[in-house]
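Heads up: the first sequence at position 627 corresponds to 948 in this note's numbering, and the numbers run straight through without jumps. From the three backbone atoms N, C-alpha and C, an ideal C-beta is built for every residue, glycine too. Fair warning: this is a prediction, and the values are worked out from it, not measured in the lab. Worksheet: one structure, shown below.
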Amino acid sequence: MESNVAAQGSLLAGLNTEQLSAVTWPNKSALVLAGAGSGKTRVLTTRIAWLLSTGQANPAGILGVTFTNKAAREMQTRLAAMVPVNVRAMWIGTFHGLCNRFLRLHHRDAGLPNTFQILDSADQMSAIKRLMKSLDVSDERFPPKAVQGFISGNKENGQRADVLSAGDPYTRKLIELYAAYDAQCRREGVVDFAELLLRSYEVLVANQALRAHYQARFSHILVDEFQDTNRLQYAWLKLLAGDMGSVFAVGDDDQSIYAFRGAEVGNMRSLLNDFAIAEPIRLEQNYRSAGNILTAANALIENNDGRLGKNLWTDAGEGEPIRLYEAYSDGEEASFIVDEVKALQRDGWNLAGMAVLYRSNAQSRVLEHALVNANLPYRIYGGLRFFERQEVKHALAYLRLVANPDDDNAVLRVINVPARGIGARTVENLLAVSREQGVSLWQAACAGGAGRSAGKVSDFVALIESLRARSENAELTLAEAVSLVVDASGLRAMYEADRKEGEERLANLDELINAAASFMPDDPQAALVEFLTAAALEAGEHQAEAGEDALQLMTVHAAKGLEFSAVFVSGLEEGLFPHENSMADRKGLEEERRLMYVAITRARQRLYLSCAQSRMLHGRSSYPLRSRFVEELPEDLLKSLSVKAAPRAERAAWAAPAASKPQRSAGSAGGYRIGQSVEHAKFGVGVVIDAEGADDDVRLQINFAEHGIKWLDLRYAKLTPA
DNA sequence: CGCATTCGACAATGG
DNA sequence: GTCGAATGCG
């Protein structure tokens, strides 16, 4: 017992009062409002360790839910280091990973084949397109993306097609497509991401015995990033908690940045109500950022309504001012960043400790260009992941057919890859047969059929059959089976013949074989199915190879949960950040503001904010206004680094019209220059984006924030510099 | 049927 | 600037 007490002591050492209170919270539900950098992950893992080491819970009673695989792994690793328990007995994982585990165990109750496969979003999209083609639905009136959004959105609200109704024919059609899509998935033995959750929820609802079993088992449910849960996830947690269980949720409503994909910040308030939690525990002491950075973040987020309320503080001192740079162009913004990074590097800063954040991936190109020219090593997060690569998906499709030949998606992906003379026409015929007879494409292909390509189709069938026979009977290891598929399918030969990108693709296929070799299945008998599942659920790292010291580039979304000594937030322009797709309503704008809050709070020591007066967007020049989020920061925290930027000072200067003669060639017309902010009595604020004429006859094209683009004649229009 | 080229839409994220 | 669909030619 003494060692137990000692162990507890060291577990709890170094926690502040609030953290300690959260970690040692009695066995009842709690909501921990954990600000950025307040030790959230530490609290969560320490609590589990504390529950285990004090004997309040056994490993099997723990259900730990995270949003990313990375977070789940981190929690497991940390736990393993803290307490000597069998980590595997605990259920720790993502919502999707846990639901998959549940459905594999109870596939019969869920009405799924034991080899059911998981569709990623791309697979889901092609399944939808295929379905719409077969039903002859116009993809102009019903964009597949919208159909996908409709289906996933409803699943995440826990609603099947049969409970939906609509007054308008458009929505009725969507509901019809939803029902047909689900039927198609059932026929093929596949589930999409949302289905994993909905199906396991429905099984628990329908099956009293199963529900009672898991409710009794999971005495402690702990949830990370609770602000990101959607309605279905919340219902799932509530169901598992039952009347007796408790939910210990950690989250930060100010860092909710996934509402656009269904996250319900309102779940935090619901949790307080439904689980009778009197008051959330607030973790407000920040151990990451300097004072000025926190002050800026607090001031920014104050502009949002309906917050649960929280103010970050630190005892680390004010630190440096926040640096602001307003560039002429996106290219110049990039070279500013490069210069600053080099300067910091000369001062002994680590490249890997610096990050450039942006709102959208497209912005990385200009930065990359500048970094390559400057010979600065960098690493980009985002983009194509390993298991999403064409060649890897091809190989996986063959493997899926080995596991389950009725997977029509997989058949369509590889029936003619590499080209084996089965063209669109033949595929059309197969699709027609499968539709008429209500069988899978595979079964249609096996039936043979007439036509010139019949022989080629039966060759394909024979290929898959032989792959299956050999991987099942010949006692091949998983890696050998993958290797066999790559060779026998002809994929290897195909990429060997491709001189342009074949080499890289072959390397990735070899990497896939390596991945198979080091894969550790829970059940060796089901190694292939587990491998395919892992490929779908963990599409792989965002190419984050360790190694050389490199500058980190990523979107703000990707930066959530990370921290850096120095952070550059770039592209702070209206329409970009906040993004134009989210500017229309207050909710969207508030989410953008939370995104900015996340961006700011990534910085430990130094924070740079930058924007450009002109930017190439969609292949053409735009002249955006500076982001409102910059204006929302306290002026005395900012230090302007650009001559032109001196934002507020410059305004004063412009208020007195320039005496010099306006010259178009100098980028100035009638005292205005392109890129300048102006204000119009009727149209409000805008930016000059073009000009024509000279002297007394000047016309300006202005992009107004509220009223769009207009040409104004300076002789009549009442304009003032803004 | 297979490959190459063109055209046009699009550009937030992750399981 | 990229990707996927559509088109056209050998």
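Do you know how far the Cα of residue j is from the Cα of residue i?
| i | j | result |
| --- | --- | --- |
| Asp728 | Arg734 | 10 Å |
| Ala1026 | Ser685 | 25 Å |
| Asp844 | Leu424 | 15 Å |
| Ser455 | Ala504 | 13 Å |
| Ala987 | Asn671 | Note that Ala987 scores 32 on pLDDT, short of 50, meaning its location in the model is unreliable and no value can be drawn from it. |
| Ile1023 | Leu833 | 53 Å |
| Ala977 | Arg582 | In this prediction, Ala977 scores a pLDDT of 30, lower than 50, which makes its location untrustworthy; the coordinate-derived value is nonetheless stated afterwards. Their Cα atoms are separated by approximately 48 Å. |
| Ala860 | Glu851 | 14 Å |
| Ala966 | Arg644 | Bear in mind that a pLDDT of 41 at Ala966, under 50, signals an unreliable position, so the number given afterwards is only what the model happens to contain. Looking at the two C-alpha atoms, the distance is approximately 11 Å. |
| Leu805 | Phe781 | 15 Å |
| Asn829 | Leu440 | 21 Å |
| Gln1008 | Ala691 | The identity of residue 1008 in the sequence shown is Val, whereas the question assumes Gln. Taking the straight line joining both Cα atoms gives about 27 Å. |
| Val1006 | Ala562 | 52 Å |
| Ser943 | Lys821 | 35 Å |
| Ala865 | Gln846 | With a pLDDT of only 47 at Ala865, under the threshold of 50, the placement of this residue in the model should not be trusted, and no figure is reported. |
| Thr415 | His939 | 36 Å |
| Leu352 | Gly335 | 22 Å |
| Leu621 | Leu593 | 26 Å |
| Arg721 | Phe569 | 38 Å |
| Arg972 | Val468 | For Arg972, the pLDDT reaches just 34, beneath the cut-off of 50, and the residue's location in the model is therefore unreliable, leaving the point undetermined. |
| Ser774 | Glu901 | 50 Å |
| His1028 | His1001 | 11 Å |
| Gln926 | Asn478 | 41 Å |
| Leu1021 | Arg941 | 19 Å |
| Tyr1037 | Ser998 | 18 Å |
| Asp483 | Lys476 | 12 Å |
| Ala695 | Arg667 | 14 Å |
| Leu1040 | Phe898 | 26 Å |
Do you know whose CA, among the options, lies nearest residue i's CA?
| i | options | result |
| --- | --- | --- |
| Trp763 | Pro726, Glu824, Leu543 | Pro726 |
| Gly356 | Asn829, Arg700, Ser577, Glu911 | Ser577 |
| Ala740 | Leu797, Ala673, Val687, Tyr816 | Tyr816 |
| Gly566 | Asn348, Ala814, Tyr646 | Asn348 |
| Phe889 | Asn407, Met917, Val732 | Met917 |
| Leu560 | Tyr535, Thr550, Gly572, Asp574 | Tyr535 |
| Arg507 | Gly432, Val484, Gly470 | Gly432 |
| Phe539 | Ile383, His878, Tyr719 | Ile383 |
| Val693 | Leu593, Ala871, Glu516 | Ala871 |
| Ser486 | Ile496, Ala837, Ile622 | Ile496 |
| Leu333 | Ser374, Arg791, Leu354, Pro899 | Ser374 |
| Ala527 | Arg552, Ala515, Gly510, Trp557 | Trp557 |
| Glu869 | Ala673, Asn390, Ala802 | Ala673 |
| Thr436 | Gln377, Ala848, Pro464, Glu1000 | Ala848 |
| Leu812 | Ser903, Arg826, Leu799 | Arg826 |
| Asp573 | Ala753, Tyr555, Arg603, Asn594 | Arg603 |
| Gly627 | Arg399, Glu605, Val586 | Val586 |
| Gln711 | Ala378, Ala393, Thr387, Asp444 | Asp444 |
| Ser438 | Glu509, Asn835, Thr398, Glu793 | It should be pointed out that residue 438 corresponds to Gln in this sequence rather than to Ser. The candidate whose alpha carbon is nearest that of Gln438 is Glu509. |
| Tyr502 | Asp668, Ala448, Val687 | Ala448 |
So what does residue i bridge to, in DSSP terms?
| i | result |
| --- | --- |
| Gly1007 | Val999, Phe1025 |
| Leu930 | Leu645, Val890 |
| Lys450 | According to DSSP, which records beta bridges pairwise, Lys450 is partnered with nothing at all. |
| Pro1042 | Val999 |
| Asp545 | None; Asp545 has no bridge partner. |
| His900 | Gly896, Leu897 |
| Val1050 | Since the first residue of the chain shown is 322 and the last is 1043, residue 1050 is not available in this structure. |
| Gly414 | Val386 |
- [ ] State whether the stretch 335-344 contacts the stretch 522-538, with contact taken as three or more CB pairs (one from each stretch) at a distance under 8 Å.
- [x] Segments in contact, no.
Original post:
Contact between the stretch 643-650 and the stretch 931-950: three or more CB pairs below 8 Å?
Top reply: By the Cβ criterion, the stretch 643-650 is in contact with the stretch 931-950, since at least three pairs of Cβ atoms, one from each stretch, lie closer than 8 Å.
Are the stretch 606-619 and the stretch 627-645 touching by the rule of at least three beta carbon pairs closer than 8 Å? At 8 Å Cβ cutoff, the stretches touch.
Item to complete: Report the residue ranges of all beta strand (DSSP E) runs contained in full by the stretch 358-390; include only those spanning at least 3 residues, in chain order.
Response: As summarised for the stretch 358-390, the continuous beta strand (DSSP E) elements at least 3 residues long and confined to that stretch are 383-387, given in chain order.
At least three beta-carbon pairs within less than 8 Å, the stretch 905-922 to the stretch 876-891:
Judged by Cβ distances under 8 Å, the stretch 905-922 makes contact with the stretch 876-891, as three or more pairs qualify.
- [ ] Pick out the complete alpha helix (DSSP H) segments inside the stretch 800-869, 4 residues or longer, and give them in chain order.
- [x] The stretch 800-869 contains, as complete alpha helix (DSSP H) runs of 4+ residues, the segments 812-817, 823-838, 848-858 (chain order).
Do the stretch 355-372 and the stretch 535-553 touch if we need at least three Cβ pairs shorter than 8 Å? Contact between the stretch 355-372 and the stretch 535-553 is established, with three or more Cβ pairs separated by less than 8 Å.
Could you tell me whether the stretch 889-896 touches the stretch 948-963, where touching means 3 or more Cβ pairs closer than 8 Å?
Proximity of the stretch 889-896 to the stretch 948-963 meets the contact definition, three or more beta-carbon pairs being nearer than 8 Å.
Check your understanding: Counting only runs that start and end within the stretch 569-637, where is the beta strand (DSSP E) found for 3 or more residues in a row?
Key -> Counting whole runs of 3 or more residues, the stretch 569-637 contains the beta strand (DSSP E) stretches 602-604.
### Task
Could you tell me whether the stretch 904-915 touches the stretch 696-706, where touching means 3 or more Cβ pairs closer than 8 Å?
Because the criterion of three Cβ pairs below 8 Å is not met, the stretch 904-915 and the stretch 696-706 do not touch.
Check whether the stretch 624-637 and the stretch 653-672 touch, using three or more Cβ-Cβ pairs below 8 Å as the test.
Taking a cut-off of 8 Å for Cβ pairs, the stretch 624-637 and the stretch 653-672 do not touch, as fewer than three such pairs fall below it.
What residue ranges within the stretch 420-491 form continuous alpha helix (DSSP H) runs of no fewer than 4 residues, ordered along the chain?
Within the stretch 420-491, the complete alpha helix (DSSP H) runs of at least 4 residues fall at 442-455, 465-477.
At least three beta-carbon pairs within less than 8 Å, the stretch 368-375 to the stretch 403-420:
Touching, per the Cβ criterion.
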